[in-house]
Structures are given as C-alpha cells and as structure tokens.
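Have a look at the structure below before the remarks.
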Amino acid sequence: MNRPHITVVLAVSADGKIADTARSAPGFSSKIDRAHLERQVAAADAVLFGAATLRAHGSAMSLKNSELIALRRQKQKPDQPIQIVGTRSGTIPSDIRFFEQKIPRWLLTTSKGAALWQTNASEAFAEIIAPETPEGEIDWPQALRILNGKGVEDLALLGGGELIATLFEQHFIDELWLTICPVLLGGKDAPTPIEGIGLGGEQLQKLKLLSVETIDQEVFLHYEVRQE
Ligand SMILES: NC(=O)c1ccc[n+]([C@@H]2O[C@H](COP(=O)([O-])OP(=O)(O)OC[C@H]3O[C@@H](n4cnc5c(N)ncnc54)[C@H](OP(=O)(O)O)[C@@H]3O)[C@@H](O)[C@H]2O)c1
307 MNRPHITVVL AVSADGKIAD TARSAPGFSS KIDRAHLERQ VAAADAVLFG AATLRAHGSA
367 MSLKNSELIA LRRQKQKPDQ PIQIVGTRSG TIPSDIRFFE QKIPRWLLTT SKGAALWQTN
427 ASEAFAEIIA PETPEGEIDW PQALRILNGK GVEDLALLGG GELIATLFEQ HFIDELWLTI
487 CPVLLGGKDA PTPIEGIGLG GEQLQKLKLL SVETIDQEVF LHYEVRQE
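Per the numbering used here, the sequence shown starts with residue 307, numbered consecutively.
In structure tokens, the structure reads:
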C-alpha cells in the first residue's frame, strides 16, 4: 500500500506516562528533548497529532531553528512541515494560538468534522481530508493513501496515546523515538504512549533497537517496528 513512513515521537516519564491524569500539556522534558523533537519534525513532510493533544497545548511545534530550516530548503522542502490534526468530531477551539501560527494546517476528519470547518476552511485549514468508513469513522488506509498522494512520504506522529493506538492497531507504525525523562507521574488514568484495547501477549509487537543515547538525565531510544 502507498502510505507515508510513520515515526512516533514521544517524551515519556520513567513510569511510562505521556501526561498527568488531568491530561494537561506535559512540560516534563528538557530543552535537549525539545531540540530533538524539533529535529524529528524538521525531518518530516508532515506531522500528525490528535485533537486532544492540540486542545491541551493550544499550538503546534513550528520550526524555529534556522539550520533545520536551511536544510529543508536545500532539499527543496517548504520551511514548515504540514501540521495535521486528527479528529472525529472536528471540535477545535478557533481562538487558540495554533490558528495564528505561520504553518500549513490540514484537517483529517469525518464528514461531521469537515462540516464544522468547511465554511471558513480557507483561513483555518488549507486542506480538509475526510475519507470515511460506513460506520462514520476516519478510513485510515484511505487517509494515508491520500496523504501519500499529496506528497507526504515521511509522517511524524506526535501523539497522543489515543490516536497512536488507532494507527498501531492497523499496523501503520514504522519507527518510534521515545525519550525517557527522569520524572514519575503515576495514576492509572494518566495516558501512555499507546491507549486503545492493546494486544494479547502472544500477538505482541516486536521492536528492533536502532540506537540508545543518554544525554544528561534523559535516555533517547530509537526503535524500528519489526514487520513479520
Ligand atoms: N509526552 C508527550 O510526548 C506527549 C505527546 C503528545 C500528547 N501528549 C499528551 O497526551 C494527552 C492527549 O493524549 P490523548 O491520548 O488523551 O489524546 P490524543 O490522541 O491526542 O487525541 C484524542 C483525540 O484525537 C481524535 N482521535 C483519536 N483517535 C481517532 C481516530 N481513530 N479517528 C479520528 N479521530 C481520532 C479524537 O478527537 P475528537 O475528540 O476531536 O473527535 C480524540 O478525542 C495530552 O495530555 C497531551 O499533552 C504528550
């Protein structure tokens, strides 16, 4: 299937949480991790995140590092990757900073979500993509084919755990970058990298460790998802 190569990039507490139980914006990783995240964003044609992540943060990570932008220009890529919000409902507050950022914004949604944005689409979102299953869900295989057809070859998936679960369950994740941060959050309701129903032990997804780097107090893990 023609689809983008998908790399998950997340900061995780030492007890495996990506946020606290209130699902607020994390803020527990260092400047070094944020620079790492910016490098991953710069390497992508587009980034995708769930609407809850956008509602928690209010903005997307735009590229500011001039060297990374220069590198993109050398590769004939636009300065900023496309920022794609995944949402069933289309419910995104229109007064958040995201809509003031100088970034290309696309909406990936259902027909119900698309209807909310179609009127002022040109200002808010440059593209609205809404391939739908008969059950009214986003048709992800079709969505990924459409993105690929529009030139998205490398897609960085920046969370949260609910959206990652959807793509994980459909076997669309190729690589993971996890930054293990020196904090503990606890809480059974605090989100983890992959929510959803999970896999039975005999179906577990094997990974190949590509690299490990420790910088100061954080550990940067890079995995490839084994396709077997
Ligand atoms: N530590 C990190 O690196 C990191 C990274 C990202 C996020 N986070 C944190 O994670 C938390 C948010 O994660 P989360 O798991 O609660 O939510 P999420 O995955 O960011 O967003 C969930 C929302 O995404 C949409 N969505 C999810 N699956 C979908 C599907 N299959 N089809 C269509 N739309 C879908 C839905 O939007 P609608 O409700 O609009 O339909 C859903 O409510 C926040 O606290 C955020 O700060 C941490």
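Glycine residues also receive a C-beta, built at the ideal position from the N, C-alpha and C atoms.
Please indicate yes or no: does the CB of residue i lie closer than 6 Å to some heavy atom of ligand 1?
i    : result
A358 : yes
A430 : no
E468 : yes
L316 : yes
E395 : Reading off the sequence, residue 395 comes out as Ser, not Glu. Because some heavy atom of ligand 1 lies under 6 Å away, the Cβ of S395 counts as near it: yes.
R465 : Reading off the sequence shown, one finds Gly at residue 465, where the question assumed Arg. Yes.
P497 : yes
R329 : yes
I390 : no
A352 : no
T425 : no
E434 : It is worth fixing the name first, because residue 434 is Ile in this sequence and not Glu. I434: no, Cβ never under 6 Å from ligand 1.
P447 : no
A362 : yes
Kindly indicate which residue of the options has the alpha-carbon position closest to the one of residue i.
i    : options                : result
S330 : G466, K456, Q346       : G466
V347 : K337, L515, V314, K381 : V314
A436 : A449, G364, P410       : A449
I390 : F431, Q523, P310       : F431
A462 : G392, E524, Q509       : G392
P310 : G364, A349, L369       : A349
A471 : Q509, D321, K408, I503 : I503
L464 : K408, Q380, T498       : T498
Y529 : L513, G457, R378, F478 : L513
G442 : S335, S395, I402, Q382 : S395
S535 : I402, A358, G492       : Outside the shown range of the chain, which is 307 to 534, sits residue 535, and nothing can be said about it.
Is it buried or exposed, residue i, if we count other Cβ atoms within 10 angstroms and call 16 or more buried?
i    : result
S417 : exposed
E481 : buried
Q511 : exposed
L360 : buried
G356 : buried
G419 : buried
I324 : buried
S372 : exposed
P332 : buried
Based on the DSSP secondary-structure assignment, which residues constitute the bridge partners of residue i?
i    : result
I444 : E438
L316 : L484
D401 : Paired residue(s): none; D401 is not in a bridge.
G392 : G356, L414
A462 : T313, V353
E433 : W412
Following the continuous beta strand (DSSP E) through residue i, name the residue where it begins and the one where it ends.
i    : result
V514 : Residue identity check: residue 514 is Lys in the sequence provided, not Val. Looking at the DSSP string, the run of the beta strand (DSSP E) that includes K514 is 513–521.
T359 : Counting along the chain, T359 falls outside any beta strand (DSSP E), though it belongs to the alpha helix (DSSP H) covering 357–363.
Counting along the chain, where does the alpha helix (DSSP H) carrying residue i start and finish?
i    : result
D339 : 337–348
E530 : Counting along the chain, E530 falls outside any alpha helix (DSSP H), though it belongs to the beta strand (DSSP E) covering 524–531.
S372 : 372–380
T472 : 467–475
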